[in-house]
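>
2 protein chains.
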Amino acid sequence: MRIVVLAGGIGGARFLRGLKSAAPDADITVIGNTGDDIHLFGLKVCPDLDTVMYTLGGGIHEEQGWGRTDESFAVKEELAAYGVGPDWFGLGDRDFATHIVRTQMMGAGYPLSAVTEALCARWQPGVRLLPMTDDRVETHVLIDDPEGDGRKAVHFQEYWVRLRASVPAHAVVPVGADQAKPAPGVLEAIAGADVVLFPPSNPVVSIGTILAVPGVREAIADAGIPVVGLSPIVGDAPVRGMADKVLAAVGVESTAAAVAQHYGSGLLDGWLVDTVDAGRVDAVEAAGIRCKAVPLMMTDTEATARMAAEALALAEEVRA
Amino acid sequence: MRIVVLAGGIGGARFLRGLKSAAPDADITVIGNTGDDIHLFGLKVCPDLDTVMYTLGGGIHEEQGWGRTDESFAVKEELAAYGVGPDWFGLGDRDFATHIVRTQMMGAGYPLSAVTEALCARWQPGVRLLPMTDDRVETHVLIDDPEGDGRKAVHFQEYWVRLRASVPAHAVVPVGADQAKPAPGVLEAIAGADVVLFPPSNPVVSIGTILAVPGVREAIADAGIPVVGLSPIVGDAPVRGMADKVLAAVGVESTAAAVAQHYGSGLLDGWLVDTVDAGRVDAVEAAGIRCKAVPLMMTDTEATARMAAEALALAEEVRA
């Protein structure tokens, strides 16, 4: 079975670990979000791609969900001693090496997709990890300008990490997405897939950004294969992270049903909500999307594997 | 008193610590060698400038003489895990931060002299540290090609660090030096100096490279001020390092007298040799260079301060 998964960071990575366990023989291609990529200290940092790579490759800081295990912070300390910022983005020494290799390869002319493949040659994530695009896309968030009457756009990471999503987001804009081309292999993977899965990743700044690359949404909708998602909202709140903040910015309620309706029946064939949201199943089905309520808490790999198996089972239901 | 010092790495840096102790009120400008600068992992590394900066700023690894104290090597380990080399150049995590800041500033368009000043704002070395040039100069060493009948040029660091100067050097070429311009402040510092000192640094690849920047040698020779050097050769062998290897490449014997004659009386007014080389004093004086034998082992800051005081005293003798 050939499975395509659209993935953001922590939620996507953990779901993928469960999926690999549930479908060990599947051929899995991950299309990773690069909208939250950022240049820090002259280095190209790809948080979502790295979280997937480290998680599936056994290098992730388990409790934290991002960054490396057994990490140290000598470089960061020194940068602070030089007075060079920003100081709000936590890059560890081991993580720095990844960004140094990536930046050096990109400086030598390799596209991000080739660099990602080279990095994965070490990590052996057991999936084919593709960036959504080799072009530069940066998710910006429009917030009130604290130093003026107007509004200003900040990089997603500044909104998410520095400001902890504590101020209202008026809009979320994947800058550059309209001019971006899908990375080599992305459209081919979708066209050749048996099923497309949306993990419980952020529907706006993770999966939404991937879908904003021209051609991706169309390829998925036109592939004629089951497209099944898992709700990142459980009991009207995000399972982790602050997805509600950016859902508000795009005018979507923080409910498991509203997220499914936001994707829409033109794209989504099946949707899993948590058992606590069983009351929302009818609303989703009324929108033309097959829906089922199952436990959706990724407490460990076994629980996550059961979620993935439910998603694959729902895909077979809608295919039939 | 305004003192200009031409400095390489370890020898120059340790001498400068003694000089600051011997002449605490002096206004010291250091013209640093950049011929052994190298790009590693996409980052600009300036070993000699950093050794001076770390040594005078209190951050040096004392026993080793280069690199940072309390250093760790997580980044290097990770780069090796990615299979990215070279692995023969020992960059520590704290040191990496310096190169990251430098590379980022240079990428933003700042010349090396401005970057060096910014880095020194943290380290407060107590001297004005100038690179010899803002232009790219790379010292290459011509060696026998192990994979052919001919010869090949390798970067100085490859010859020095990877090969440990274990193969014959047929020539030493400061590539780019002929097109280089002295960095801002270099010629002005020489013109305004009361004395110029050559520490016991490598006469070929450190001081020789600085003198190869068009205008520097002429400015020193024409300044009409005492120019005094200290022999890096004691008892016919380098005090540290492998200066004899590169002296052979330029056809100079490894003796305290031959190095003075190599600089020549047109440049050098005074020369200190070690007491074990007292027998060489006459030969140096016969070449028109005032010479004195004093202890030249930089065993600690006090001994080094006495050497610096002797050099300054010799400068006053030749001035009189």
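Quick note, the sequences are listed as chains G and P, same order.
Positions 207 to 526 (the working numbering) are the ones given, in order, by the first sequence.
Positions 207 to 526 (the working numbering) are the ones given, in order, by the second sequence.
Glycine included, each C-beta is placed from N, C-alpha and C at the ideal position.
On the DSSP bridge assignment, give the partners of residue 497 (chain G) in chain order.
Taking the first residue of the first sequence as position 1, residue 497 (chain G) is located at position 291. Residue 497 (chain G) pairs with G:477.
> Look at the alpha carbon of residue 355 (chain G) and the alpha carbon of residue 344 (chain G), and state the distance between them as a whole number of angstroms.
Taking the first residue of the first sequence as position 1, residue 355 (chain G) is located at position 149. Taking the first residue of the first sequence as position 1, residue 344 (chain G) is located at position 138. Each residue's alpha carbon lies about 25 Å from the other.
> If you draw a straight line from the C-alpha of residue 373 (chain G) to the C-alpha of residue 293 (chain G), how long is it?
As a working mapping, residue 373 (chain G) is identified with position 167 in the first sequence. As a working mapping, residue 293 (chain G) is identified with position 87 in the first sequence. C-alpha separation (whole angstroms): 20 Å.
> Report, in whole angstroms, the separation of the C-beta atoms of residue 425 (chain P) and residue 397 (chain P), which I expect to be a contact under 8 Å.
Here the question's residue 425 (chain P) lines up with position 219 in the second sequence. Here the question's residue 397 (chain P) lines up with position 191 in the second sequence. At roughly 7 Å, the Cβ-Cβ gap stays under 8 Å, so residue 425 (chain P) and residue 397 (chain P) are in contact.
> Can you find a CB in chain P that lies within less than 7 Å of the CB of residue 342 (chain G)?
Working through the first sequence from its first residue, we reach residue 342 (chain G) at position 136. So, not an interface residue.
> Looking at residue 264 (chain P) and residue 298 (chain P), is the spacing between their C-beta atoms short of 7 Å?
Position 92 of the second sequence, counted from the start, is the residue given in the question as residue 298 (chain P). Position 58 of the second sequence, counted from the start, is the residue given in the question as residue 264 (chain P). No.
> Using alpha carbons as the reference points, say which of P:474, P:306 and P:522 lies closest to residue 248 (chain G).
The count along the first sequence starts at 1 and reaches residue 248 (chain G) at position 42. Measuring from the Cα of residue 248 (chain G), the nearest candidate turns out to be P:306.
> Please report whether the beta-carbon of residue 265 (chain G) lies at a distance below 7 Å from any beta-carbon of chain P.
Stepping through the first sequence from its first residue, residue 265 (chain G) is reached at position 59. So no, residue 265 (chain G) is outside the interface.
> For a test of the three-state rule: what should DSSP assign to residue 444 (chain G), helix, strand or coil?
Taking the first residue of the first sequence as 1, we reach residue 444 (chain G) at position 238. Looking at residue 444 (chain G) - three-state DSSP - the assignment turns out to be strand.
> Do you know how far the Cα of residue 368 (chain P) is from the Cα of residue 295 (chain P)?
What you label residue 295 (chain P) is simply residue 89 of the second sequence in a count that begins at 1. What you label residue 368 (chain P) is simply residue 162 of the second sequence in a count that begins at 1. Going from the Cα of residue 295 (chain P) to the Cα of residue 368 (chain P) covers about 7 Å.
> Is it the case that the Cβ atoms of residue 391 (chain P) and residue 342 (chain P) are separated by a distance below 7 Å?
Start at 1 with the first residue of the second sequence, and residue 391 (chain P) comes out as number 185. Start at 1 with the first residue of the second sequence, and residue 342 (chain P) comes out as number 136. Going by C-beta atoms, residue 391 (chain P) is not nearer than 7 Å to residue 342 (chain P).
> When you compare only the Cα positions, how much space is there between residue 399 (chain P) and residue 215 (chain P)?
To locate residue 399 (chain P), count along the second sequence from 1; it is residue 193. To locate residue 215 (chain P), count along the second sequence from 1; it is residue 9. When rounded, the distance between both Cα atoms is 22 Å.
> By the 10 Å Cβ neighbour count, where 16 or more other Cβ atoms means buried, how is residue 492 (chain G) classified, buried or exposed?
By one-based count along the first sequence, residue 492 (chain G) stands at place 286. Exposed, since its Cβ has fewer than 16 Cβ neighbours within 10 Å.
> Between the alpha carbons of residue 520 (chain P) and residue 435 (chain P), how many angstroms are there, rounded?
Sequence index remark: in the second sequence, residue 520 (chain P) carries index 314 (1-based). Sequence index remark: in the second sequence, residue 435 (chain P) carries index 229 (1-based). So the alpha carbons of these two residues sit roughly 10 Å apart.
> Taking all protein chains shown into account, do 16 or more other C-beta atoms lie within 10 angstroms of the C-beta of residue 150 (chain P), making it buried, or fewer, making it exposed?
Chain P is shown only over 207 to 526; residue 150 (chain P) falls outside these bounds and no answer can be derived.
> Would you mind reading off the limits of the alpha helix (DSSP H) that contains residue 394 (chain G)?
Against the first sequence, residue 394 (chain G) aligns to sequence position 188. Looking at the DSSP string, the run of the alpha helix (DSSP H) that includes residue 394 (chain G) is 392–397.
> Report yes or no: do the segment 275–288 of chain G and the segment 211–229 of chain G share at least 3 C-beta pairs separated by less than 8 Å?
The segment 275–288 of chain G vs the segment 211–229 of chain G: no contact.
> Threshold first: 4 residues or longer. Then list the alpha helix (DSSP H) segments lying entirely within the segment 282–316 of chain G, N to C.
Here the runs fully enclosed are 299–313.
> Tell me whether the beta-carbon of residue 418 (chain P) lies closer than 7 Å to the beta-carbon of residue 380 (chain P).
As a position in the second sequence, residue 418 (chain P) is number 212, starting the count at 1. As a position in the second sequence, residue 380 (chain P) is number 174, starting the count at 1. For residue 418 (chain P) and residue 380 (chain P), yes; Cβs fall inside 7 Å.
> Using DSSP with H/G/I as helix, E/B as strand and the rest coil, what is residue 369 (chain G)?
Here residue 369 (chain G) corresponds to residue number 163 of the first sequence, with the count starting at 1. Note: residue 369 (chain G) maps to coil in three-state DSSP.
> If I measure Cβ to Cβ from residue 413 (chain P) and keep anything under 7 Å in the same chain, skipping five residues before and after, which residues do I get?
Position 207 of the second sequence, counted from the start, is the residue given in the question as residue 413 (chain P). Counting only Cβ-Cβ distances below 7 Å, and skipping sequence neighbours, we find 212, 214, 404 and 407.
> Assess contact between the segment 449–465 of chain G and the segment 426–433 of chain G, defined as three or more Cβ pairs (one per stretch) separated by less than 8 Å. Is contact present?
Result no; under three Cβ-Cβ pairs closer than 8 Å.
> Taking the alpha-carbon of residue 328 (chain P) as reference, which of P:303, P:376 and P:244 has the nearest alpha-carbon?
Against the second sequence, residue 328 (chain P) aligns to sequence position 122. Checking every option, the nearest Cα to that of residue 328 (chain P) belongs to P:303.
> Would you identify the three-state DSSP class for residue 226 (chain G), choosing helix, strand or coil?
Counting from one through the first sequence, the residue named residue 226 (chain G) turns up at place 20. Helix, per DSSP.
> Rounded to whole angstroms, what is the Cα-Cα separation between residue 487 (chain P) and residue 499 (chain P)?
For the purposes of this step, residue 487 (chain P) is taken as residue 281 along the second sequence, with counting starting at 1. For the purposes of this step, residue 499 (chain P) is taken as residue 293 along the second sequence, with counting starting at 1. Distance between the alpha carbons of residue 487 (chain P) and residue 499 (chain P) is about 7 Å.
> Which residues in chain P sit within 8 Å of residue 309 (chain G), going by Cβ to Cβ distance?
Residue mapping note: residue 309 (chain G) aligns to position 103 of the first sequence, counting from 1. In chain order: 248.
> Kindly indicate which three-state DSSP category residue 213 (chain G) falls into: helix, strand or coil?
Taking the first residue of the first sequence as 1, we reach residue 213 (chain G) at position 7. Here residue 213 (chain G) sits in strand by DSSP.
> Does chain P have any CB closer than 7 Å to the CB of residue 605 (chain G)?
Nothing about residue 605 (chain G) can be reported from this structure: the residues present for chain G run from 207 to 526 only.
> Would you call residue 376 (chain P) buried or exposed, if buried means 16 or more other Cβ atoms sit within 10 Å of its Cβ?
In the second sequence, residue 376 (chain P) corresponds to position 170, counting from 1. Classification for residue 376 (chain P): exposed.
> From the DSSP output, which residues share a beta bridge with residue 451 (chain P)?
Position 245 of the second sequence, counted from the start, is the residue given in the question as residue 451 (chain P). Residue 451 (chain P) is not bridged to any residue.
> Who does residue 352 (chain G) pair with in a DSSP beta bridge?
Sequence index remark: in the first sequence, residue 352 (chain G) carries index 146 (1-based). Per DSSP, none; premise fails for residue 352 (chain G).
> Under the rule that 16 or more other beta-carbon atoms within 10 Å means buried, what is residue 207 (chain G), buried or exposed?
Reading the first sequence from its first residue, position 1 is the one you call residue 207 (chain G). So residue 207 (chain G) ends up on the exposed side.
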